[in-house]
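Have a look at the structure below, then the notes.
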Amino acid sequence: MKFRFSDLALMGAAPAFTEELHVGRPNVPVGAARDKLLNEIASILDRRWLSNGGPKVREFESKIARLTGARHAIAVCNATQGLQVAARACNLTGEVIVPAFTFIATAHALSWIGLEPVFADADPLTHSIDPEQIERLITPRTSGIVATHLWGEPCRVEAIEALAARYGLQVIYDAAHAFGSSRRGRMAGTFGAAEVFSFHATKFINAFEGGAITTSDDELAARLRRMISFGFADYDYVADLGTNAKMSEASAAMGLAGLAMMDEIIRANHANYIAYQAALRDLPGVRLFEFDEREARNYQYIVLEVNNAGLSRDQLLAVLWSEGIRARRYFYPGCHRMEPYASAARREAESLPVTECLAASVLALPTGTAVSPAQVAEICAIIRLALSHADEVASRLASSASQSAELRVAA
């Protein structure tokens, strides 16, 4: 444990972690659970049924539907394809309102199929799309809203869906962060026309790579199933424009292994959250994003806002990286500041102050089954130590940056 300023790697000491701690390091089965997964994959090879809705995919879909409460779950190869298929199946056209503070895939998925994302500002407390900011962006060309549930906290679905009903808009949720989470006792996966989950390697439940679309609309579900498999409605009959978004059997087997560990992973995430909460309580200039523990939560993200802490978010990030703590800026600098949107002179680009603030202040810290509460305590001790010597840290970072610049010029 580092207790003195001279103990920081920034000052020449050894890094706290020689094996780096990452945000989103995959949760993987170990021991008997790993043996079971490998046996399942061997069985898949023996069956020679590797894709096209095999038994593992059907089992995975059934369990997702049961866990969420949705009538239907359609497994897909990744959540980006899931968003595209859902948008097509819901007949979105023209403009679609999306949060600016979200992963770029939310916007790119829509742009890729010819839709125009229109960026709305965030709620400063929840970080999700602010329903009050949506209405002013609605035009005659608006066909829908794609809202993101951030950090495992479902967004303000009631206000969003009331607004959508008033204007006759479709609502799809990017639920990449929200598997296993609820709002007012209702599980994510049952809101809007459809919700899209991610089972990417960095998510708390992963399928190597994968996703799922959930809906309780029977007709929409049938269309989604056709569209993920080239539009086929029967063996040689194509009924819709489709693509290839199917999940493989091996991915479904990994997803099932994750579901079997789900309670264990959530317990580990929650223990880390409690450890961070205790260690960072009352630290000036730092606010831990807190979860509503009355609801189901997956606790897969530990998120700080760093404002007026003596160091900027990026300065604190540099300290953590020097210690082998691979903390992350999230959604920086905001979708509206990324290409191709930054060059499009969009009408809302200058009126997203909350997104701008969050993009400059949010910091995600390592958690998951690869991180222990003892390691959390050391991470927090480093944060406290750096902030208590903010002036010295800032001076050291500035000196290092100047030396690096001089070396680049000399080279």
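Numbering (our numbering), first residue to last: 27 to 437.
No residue lacks a Cβ here, since even glycine has one placed at the ideal position from N, Cα and C.
Every value quoted in this text rests on a predicted model; they were computed, and no experiment measured them.
Spatial neighbours of threonine 44 in its chain, beta-carbon cut-off 8 Å, leaving aside the 5 residues before and after:
To locate residue 44, count along the sequence shown from 1; it is residue 18. So the list reads Gly350, once near-sequence residues are dropped.
C-alpha distance - aspartate 243 paired with alanine 96, whole-angstrom precision
In the sequence shown, counting from the first residue as 1, residue 243 sits at position 217. In the sequence shown, counting from the first residue as 1, residue 96 sits at position 70. When rounded, the separation of the alpha-carbon atoms in aspartate 243 and alanine 96 is 9 Å.
Which same chain residues end up closer than 7 Å to glutamate 46 when comparing Cβ atoms and leaving out the 5 residues on each side of it in sequence?
Taking the sequence shown and counting its residues from 1, the one referred to as residue 46 is at position 20. Result list for glutamate 46: Gly350 and Arg352, in chain order.
The beta strand (DSSP E) with histidine 134 in it runs from where to where?
For the purposes of this step, residue 134 is taken as the residue at position 108 of the sequence shown. Where histidine 134 is concerned, there is no enclosing beta strand (DSSP E), although the alpha helix (DSSP H) it sits in stretches over 130-138.
Backbone CA spacing between phenylalanine 315 and glycine 178 [nearest angstrom]:
Residue numbering aside, residue 315 sits at position 289 when the sequence shown is read from its first letter. Residue numbering aside, residue 178 sits at position 152 when the sequence shown is read from its first letter. Phenylalanine 315 and glycine 178: Cα-Cα distance of roughly 11 Å.
Buried or exposed (CB count within 10 angstroms, at least 16 for buried), methionine 213
Taking the sequence shown and counting its residues from 1, one reaches residue 213 at position 187. Classification for methionine 213: buried.
In chain order, what residues of the same chain have a beta carbon less than 7 Å from the beta carbon of tyrosine 327, not counting five sequence neighbours either side?
Position 301 of the sequence shown, counted from the start, is the residue given in the question as residue 327. Closer than 7 Å at the Cβ level, and outside the excluded window around tyrosine 327, lie Trp177, Gly178, His203 and Ala390.
Flag this pair as yes or no: are the beta carbons of alanine 283 and alanine 59 separated by less than 8 Å?
The count along the sequence shown starts at 1 and reaches residue 283 at position 257. The count along the sequence shown starts at 1 and reaches residue 59 at position 33. At a Cβ-Cβ threshold of 8 Å, alanine 283 and alanine 59 count as neighbours.
Short CB-CB distance (under 8 Å) between glutamine 107 and chain C
Among the chains in the structure shown there is no chain C, since it carries only a single protein chain.
What runs of the beta strand (DSSP E), each 3 residues or longer, lie entirely inside the stretch 386-429?
Secondary structure in the stretch 386-429: the beta strand (DSSP E) runs of 3 residues or longer, each lying completely within the stretch, are 388-391 in chain order.
Selected residue, minimal CA-CA separation from arginine 320, among Phe223, Arg210 and Asp340:
The residue you call residue 320 lines up with position 294 of the sequence shown. Considering only alpha carbons, the answer is Arg210.
Return the CA-CA distance between phenylalanine 129 and alanine 400, expressed in angstroms with no decimal places.
Looking up residue 129 in the sequence shown gives position 103. Looking up residue 400 in the sequence shown gives position 374. Distance between the alpha carbons of phenylalanine 129 and alanine 400 is about 30 Å.
I believe proline 470 touches isoleucine 186 by the beta-carbon criterion, under 8 Å. Please report the beta-carbon distance rounded to the nearest angstrom.
For the chain, the structure presents residues 27 to 437; residue 470 sits outside this window and is missing.
Which residue's Cα is closest to the Cα of alanine 322: Phe86, Ala35, Asn104 and Gly215?
As a working mapping, residue 322 is identified with position 296 in the sequence shown. Among Phe86, Ala35, Asn104 and Gly215, the Cα nearest to that of alanine 322 belongs to Gly215.
Three-state secondary structure (DSSP) of histidine 98
As a first step, residue 98 must be located in the sequence shown, where it is residue number 72. It is a strand residue.
Given this structure, state the Cα-to-Cα distance separating asparagine 295 from tyrosine 261, to the nearest angstrom.
Counting from 1 along the sequence shown, the entry for residue 295 is found at position 269. Counting from 1 along the sequence shown, the entry for residue 261 is found at position 235. Straight across, the Cα-Cα distance linking asparagine 295 with tyrosine 261 is about 45 Å.
Considering only DSSP beta bridges, list what phenylalanine 223 is partnered with.
To locate residue 223, count along the sequence shown from 1; it is residue 197. Note: phenylalanine 223 sits in a beta bridge opposite Ala238.
Taking the beta strand (DSSP E) that alanine 173 falls in, what are its first and last residues?
Here residue 173 corresponds to residue number 147 of the sequence shown, with the count starting at 1. For alanine 173, the uninterrupted beta strand (DSSP E) segment begins and ends at 168-174.
May I ask you to list the residues that DSSP assigns as paired with leucine 47?
Position 21 of the sequence shown, counted from the start, is the residue given in the question as residue 47. Partner(s): Ile351.
Secondary structure of alanine 145, DSSP reduced to three states
Stepping through the sequence shown from its first residue, residue 145 is reached at position 119. In the sequence under discussion, the amino acid at residue 145 is phenylalanine, which differs from the alanine named in the question. If DSSP states are grouped into helix, strand and coil, phenylalanine 145 belongs with the strands.
Based on the DSSP secondary-structure assignment, which residues constitute the bridge partners of serine 208?
Working through the sequence shown from its first residue, we reach residue 208 at position 182. In the DSSP secondary-structure assignment, serine 208 is bridged to Met213.
Under DSSP, the alpha helix (DSSP H) around leucine 314 begins and ends at which residues?
Translated into positions along the sequence shown, residue 314 becomes position 288. Element bounds for leucine 314: not the alpha helix (DSSP H) but the beta strand (DSSP E), 312-314.
Buried or exposed for proline 379, please, with buried defined as at least 16 other CB atoms from any protein chain shown within 10 angstroms of its CB.
Taking the first residue of the sequence shown as 1, we reach residue 379 at position 353. By the beta-carbon neighbour count (other beta carbons within 10 angstroms, threshold 16), proline 379 is exposed.
When you compare each of Arg251, Arg354 and Val402 to serine 387 by their alpha carbons, which one comes out closest?
As a first step, residue 387 must be located in the sequence shown, where it is residue number 361. Check the Cα spacing between serine 387 and each of Arg251, Arg354 and Val402: the tightest is with Arg354.
Could you compute how far the alpha carbon of arginine 307 sits from the alpha carbon of alanine 403?
In the sequence shown, the residue the question calls residue 307 occupies position 281. In the sequence shown, the residue the question calls residue 403 occupies position 377. Rounded to the nearest angstrom, the gap between the Cα atoms of arginine 307 and alanine 403 is 12 Å.
Below 8 Å, can you find three or more Cβ-Cβ pairs linking the stretch 104-120 to the stretch 233-252?
They touch, by the three-pair rule.
According to DSSP, is phenylalanine 86 helix, strand or coil?
On the sequence shown, position 60 is the one that residue 86 refers to. The answer is helix: DSSP assigns phenylalanine 86 an H, G or I state.
Following the continuous alpha helix (DSSP H) through valine 183, name the residue where it begins and the one where it ends.
On the sequence shown, position 157 is the one that residue 183 refers to. Here the alpha helix (DSSP H) through valine 183 covers 183-193.
For a quick check, are the C-beta atoms of lysine 89 and alanine 279 less than 8 Å apart?
Start at 1 with the first residue of the sequence shown, and residue 89 comes out as number 63. Start at 1 with the first residue of the sequence shown, and residue 279 comes out as number 253. Cβ distance not < 8 Å, so lysine 89 and alanine 279 don't count as in contact.
Bridge partner(s) assigned by DSSP for lysine 272:
If you number the sequence shown from 1, residue 272 lands on position 246. Note: lysine 272 sits in a beta bridge opposite Val102.
Using 8 Å as the cut-off, can you tell me whether the stretch 188-200 makes contact with the stretch 160-169, which would need three or more C-beta pairs spanning the two stretches below that distance?
The stretch 188-200 vs the stretch 160-169: in contact.
Euclidean distance between Cα positions of serine 426 and alanine 304
Walking along the sequence shown from the start, residue 426 turns up at place 400. Walking along the sequence shown from the start, residue 304 turns up at place 278. Pairing serine 426 with alanine 304, the inter-Cα distance amounts to about 33 Å.
If you measure between the beta carbons of alanine 101 and leucine 384, is that distance less than 8 Å?
Residue 101 sits at position 75 when you count from the first residue of the sequence shown. Residue 384 sits at position 358 when you count from the first residue of the sequence shown. No.
By alpha-carbon positions, which one of Val345, Gly394 and Ala201 ends up nearest to arginine 293?
For the purposes of this step, residue 293 is taken as residue 267 along the sequence shown, with counting starting at 1. If we check each option's Cα against that of arginine 293, Gly394 comes out closest.
Quick check on the burial criterion: 16 or more other C-beta atoms within 10 angstroms. Buried or exposed for methionine 273?
Position 247 of the sequence shown, counting from 1, holds the residue named residue 273. With 16 or more other Cβ atoms within 10 Å, it is buried.
With DSSP collapsed to three states, give me the class of alanine 127.
Within the sequence shown, residue 127 is the residue found at index 101, counting from 1. First, the residue type needs correcting, since residue 127 is phenylalanine and not alanine in the sequence shown. For phenylalanine 127, the three-state secondary structure derived from DSSP is coil.
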